[in-house]
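**Q** This is the structure I want to talk about, given as C-alpha cells.
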Amino acid sequence: MAAPEEQDLSQEQTEKLLQFQDLTGIESMEQCRLALEQHNWNMEAAVQDRLNEQEGVPSVFNPPPSRPLQGLLGWGYYLIMLPFRFTYYTILDIFRFALRFIRPDPRSRVTDPVGDIVSFMHSFEEKYGRAHPVFYQGTYSQALNDAKRELRFLLVYLHGDDHQDSDEFCRNTLCAPEVVSLINSRMLFWACSTNKPEGYRVSQALRENTYPFLAMIMLKDRRMTVVGRLEGLIQPDDLINQLTFIMDANQTYLVSERLERSVRREERNQTQVLRQQQDEAYLASLRADQEKERKKREERERKRRKEEEVQQQKLAEEKRRQNLQEEKERKLECLPPEPSPDDPESVKIIFKLPNDTRVERRFHFSQSLTVIHDFLFSLKESPEKFQIEANFPRRVLPCVPSEEWPTPPTLQEAGLGHTEVLFVQDLTDE
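According to my numbering, the sequence shown is numbered sequentially starting from 48.
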C-alpha cells in the first residue's frame, strides 16, 4: 500500500517520484514530492536544481541576497513578468505533455538498463579497442549504491554519438594509458550512450550542456553528490589534473565517512560482543536452571519409584500374608480329628515353639509326620518356615517330602513314643 502522502498521486507522478528519489538519493519521500511540486512535476528541472544546489549553485527557489535597491528593482521586474512567465511555462508544459502522447521519445522508456550498458560497452570496444577504463556493468543506480557502499568516487561518462568531439575524446583521452590507470585505480567508471534509454535517463538527471561530459559523484554529507563536472574536449594531462584536483579537494569527506563507519562498525562489534556475552550468560543460566530442574525431576522420579517399590512391597507382603493365612486355614481344615486320650494308638506330643510357647495335641501312630507339620503350620504362633527336632536321640524329623524321604514316615516309623516333647526350629531367616 502506498504511503498516505502518495495516495493522491497519479501513476505517472508516482513513477516520477520514485525516479527522482533514485537519481538524487533523497531518503524522504515527502521531500522528493515537495521538490517536484515546486517544479510543476518537471523532473528534469527538479533534478538539475537539486544537483546545482549540491554543487553550491543557488536554487531558483532560494535566490542569493541582494542589495536593497537591486532587490527592489528585481522584485518589481519579477512581479511584472510573473504573469507572463506563468503563462509561458504553463503553455510550454502543456505542449510538452501533449507532445509526449503524440510523439513520445523512445528513449524515455527504460526496459533493459543492463542491456543498454553492455551494448554500449561492446560498440565502444569495437570502435576503440579494449584498452579503456573498466566499465561498470550495471545500472546507474547500482553504480551509485556500490560507490556509496565502498566509499569510492564514481566517474560518470555520457557519450554523445553524434557530437564531433566524442570520437577524439574516446580515442585519444579516455583510452590513454595514464588516464586508464588513474580511473581504474581510484574510482568506479560508469558510461553509457545518451542514445540508449539508460544513458538518456541519466542525462536528464545530470543535464549536460555539451559533450564529452564527465561527472564525478561521491558520498558527501551522507548522500551521493556531484562534486565535479567536466564538459567539452579535454586532453589526457588536463583530465588527469582536474580529476586529481577534484578527488584531493573532496578526499576529506571520504576519510571522514570511513572514520564514522569505522566507529559505527566498532560500536556494532562492541554491541555484538556485549549481546553475545549476554546471550552466553543467559544460556549458561538457562542451562544451570535446566540442570537444576533435571535433577529435581530425577529426584522426584527416584522418590516416586521408591514409593512405588515400597507400595508394591507392601502389597506383595500383604498378599503373601493373605496367602499364608489362607494356606494355614486350608491346612487347619484338612487336619484329621484329634484322637481321644484313651486311644491306645494315640501319641501325646508337646511342642515347644521358638517364642517359648507350648502347644499340646494328640496324633495317631499311623498318621504321617506331615500331619504334625501341617498342624504346626496352621498355628498363628508358628513361624512360616520351620523344622521339627526330637531330643532323644537328637534328630530332625522328616516331616516334609525330600530326596531322602520322598514320602515322610508315620509317627510309629519315626520311633515316637506315647508321649513326646518336640522342638520347633525357626528357619524363616535362613
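Beta carbons are placed, not taken as given, at the ideal position from N, Cα and C, and that holds for glycine.
Nearest by alpha-carbon distance to residue 186: which of 244, 377, 210, 179 is it?
**A** Checked all of 244, 377, 210, 179; the closest Cα to residue 186 is 244.
**Q** Would you kindly check if the distance between the Cβ of residue 199 and the Cβ of residue 234 is under 8 angstroms?
**A** Contact flag set, yes.
**Q** Starting from residue 278, trace the beta strand (DSSP E) in both directions and tell me its first and last residue.
**A** Taken as a continuous stretch (DSSP letters only), the beta strand (DSSP E) holding residue 278 covers 270-278.
**Q** Note down the Cα distance separating residue 471 from residue 464, rounded to an integer number of angstroms.
**A** Distance between the alpha carbons of residue 471 and residue 464 is about 18 angstroms.
**Q** May I have the straight-line CA-CA distance separating residue 192 from residue 71, to the nearest angstrom?
**A** C-alpha separation (whole angstroms): 12 angstroms.
**Q** Using 10 angstroms around the beta-carbon of residue 264, count the other beta-carbons present and answer buried if the total reaches 16, otherwise exposed.
**A** Per the 10 Å Cβ criterion, buried.
**Q** Using 8 angstroms as the cut-off, can you tell me whether the stretch 217-224 makes contact with the stretch 172-180, which would need three or more C-beta pairs spanning the two stretches below that distance?
**A** Touching, yes, given that three or more Cβ pairs across the two stretches are closer than 8 angstroms.
**Q** Give the range of the alpha helix (DSSP H) segment to which residue 340 is assigned.
**A** Segment 283-381, the alpha helix (DSSP H) holding residue 340.
**Q** Have a look at residue 534 and residue 370 and give me their C-alpha separation to the nearest angstrom.
**A** What is shown of the chain runs 48 to 477, which leaves residue 534 out entirely.
**Q** Check the DSSP bridge columns for residue 434 and list the partner residues they point to.
**A** In the DSSP output, where bridge partners are listed per residue, residue 434 has 472.
**Q** To the nearest whole angstrom, what separates the beta carbons of residue 469 and residue 425, a pair I think is in contact under 8 angstroms?
**A** The pair is not a contact, with the Cβ atoms about 16 angstroms apart (cut-off 8 angstroms).
**Q** Are the stretch 387-394 and the stretch 358-374 touching by the rule of at least three beta carbon pairs closer than 8 angstroms?
**A** Verdict: no, contact absent.
**Q** Per DSSP, what kind of secondary structure is residue 439 in: helix, strand or coil?
**A** If DSSP states are grouped into helix, strand and coil, residue 439 belongs with coil.
**Q** I'd like the ranges of any beta strand (DSSP E) spanning at least 3 consecutive residues and lying wholly in the stretch 210-278.
**A** Qualifying beta strand (DSSP E) stretches, in chain order: 234-240, 260-267, 270-278.
**Q** Short check: CB of residue 258 to CB of residue 214, under 8 angstroms?
**A** Going by C-beta atoms, residue 258 is not nearer than 8 angstroms to residue 214.
**Q** Among 208, 203, 227, 239, whose alpha-carbon lies nearest the alpha-carbon of residue 161?
**A** When each option's Cα is compared against that of residue 161, the closest is 239.
**Q** Starting from residue 165 and walking both ways along the beta strand (DSSP E), at which residues does that stretch end?
**A** Per DSSP, residue 165 belongs to no beta strand (DSSP E); it is in the alpha helix (DSSP H), 160-175.
**Q** What residue range does the alpha helix (DSSP H) around residue 420 cover?
**A** Looking at the DSSP string, the run of the alpha helix (DSSP H) that includes residue 420 is 416-425.
**Q** Starting from residue 450, follow its DSSP beta bridges and name the residues at the other end.
**A** Paired residues: none, contrary to the question.
**Q** Quick check on residue 274: buried or exposed, where buried means 16 or more other Cβ atoms within 10 Å of its Cβ?
**A** Residue 274 comes out buried.
**Q** What residue from 439, 466, 436, 420 has the CA that sits closest to residue 448's CA?
**A** Of 439, 466, 436, 420, the residue nearest in Cα terms is 420.
**Q** By the three-class DSSP mapping on this structure, what secondary structure does residue 94 have?
**A** Correct three-state label for residue 94: helix.
**Q** Residue 204 lies in the beta strand (DSSP E); which residues open and close that run?
**A** 200-206 is the extent of the beta strand (DSSP E) around residue 204.
**Q** I'd like the span of the alpha helix (DSSP H) that includes residue 57, first residue to last.
**A** Segment: none, residue 57 is in no alpha helix (DSSP H) and carries neither H nor E.
**Q** Going by the CB atoms, is the gap between residue 416 and residue 458 shorter than 8 angstroms?
**A** In contact: residue 458 and residue 416 (Cβ atoms closer than 8 angstroms).
**Q** Using DSSP with H/G/I as helix, E/B as strand and the rest coil, what is residue 188?
**A** Residue 188 falls in the helix class under three-state DSSP.
**Q** What is the rounded straight-line gap between the Cα of residue 80 and the Cα of residue 64?
**A** Distance between the alpha carbons of residue 80 and residue 64 is about 6 angstroms.
**Q** Looking only at C-alpha atoms, which of 282, 268, 439 sits nearest to residue 488?
**A** The first residue shown for the chain is 48 and the last is 477, placing residue 488 beyond what the model contains.
**Q** What does the Cβ neighbour count give for residue 285, buried or exposed, with the cut at 16 atoms within 10 Å?
**A** Exposed is the call here.
**Q** Excluding the five sequence neighbours on either side, which residues of its own chain have a C-beta within less than 8 angstroms of the C-beta of residue 57, listed in chain order?
**A** No residues qualify anywhere along the chain.
**Q** Among 311, 363, 206, 158, whose alpha-carbon lies nearest the alpha-carbon of residue 237?
**A** The shortest C-alpha separation from residue 237 is found at 206.
**Q** Specify the secondary structure class of residue 404 as computed by DSSP and reduced to three states.
**A** Coil, per DSSP.
**Q** Classify residue 126: buried if its beta carbon has 16 or more other beta carbons within 10 angstroms, exposed otherwise.
**A** It counts as exposed.
**Q** So, helix, strand or coil for residue 73, using DSSP?
**A** In this structure, residue 73 counts as coil in the three-state DSSP scheme.
**Q** Excluding sequence positions up to five away, which residues of its chain have a Cβ less than 7 angstroms from the Cβ of residue 88?
**A** Result list for residue 88: 60, 63, in chain order.
**Q** Determine, using beta carbons only, whether residue 180 and residue 230 come nearer to each other than 8 angstroms.
**A** Taking 8 angstroms as the Cβ cut-off, residue 180 and residue 230 qualify as a contacting pair.
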